[in-house]
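The numbering used here puts the first residue of the sequence shown at 708, with every later residue one more than the last.
For glycine and all other residues, C-beta sits at the position ideal for the given N, C-alpha and C.
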Amino acid sequence: MDKLMSLCNSNENKTEYAEVSSLFEEVEPSFEEIKEAFDVFDENGDGYIDATELMKLIWRMGLSKFSIKDCKKMIMAFDENRDGKIEFSEFLKLMEQSFRDPVELD
Ligand SMILES: [Ca+2]
Ligand SMILES: [Ca+2]
């Protein structure tokens, strides 16, 4: 009976969670989702996102006010080893940061 109760409760919680998470959609993307996103960004598959790839993707998202300069700035902000490109570990931080505190360039 306890089991049944907790099952019901967890179902209820799930519904609530779904409602809440639809308000804060993708606050916490999974590792797989981030990896998929990285692969989309990394168009030529060399394991790095460079400014050109970033810009193409941002433009595809309809944010064409981003210039190559803005993209370079974004990359520089997260490019810890200063090679001018974003590798996956840096991308992870970029995603974490942008979901917590969305980048606003203006
Ligand atoms: Ca690349
Ligand atoms: Ca780097």
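Closest by CA to Phe679, which one among Leu761, Glu750 and Lys742? Residue 679 is absent from the model: the chain starts at 708 and stops at 813.
Arg767: first and last residue of the uninterrupted alpha helix (DSSP H) it sits in: For Arg767, the enclosing alpha helix (DSSP H) begins and ends at Ala758 to Arg767.
Excluding five sequence neighbours on each side, which residues of the same chain lie with their C-beta closer than 8 Å to the C-beta of Asp786? Lys792, Ile793 and Glu797.
In chain order, what residues of the same chain lie with their CB nearer than 7 Å to the CB of Ser728, ignoring the 5 residues before and after it? Residue confidence is low: Ser728 scores 48 on pLDDT, short of 50, so the model does not pin down where it sits. No coordinate-derived value is stated.
Proximity of Ala758 and Ile741 at Cβ, strictly below 7 Å: The Cβ atoms of Ala758 and Ile741 do not sit closer than 7 Å to each other.
Could you check if Arg767 is buried or exposed, using at least 16 other CB atoms within 10 Å of its CB as the buried criterion? Within 10 angstroms of the beta-carbon of Arg767 lie fewer than 16 other beta-carbons, which makes it exposed.
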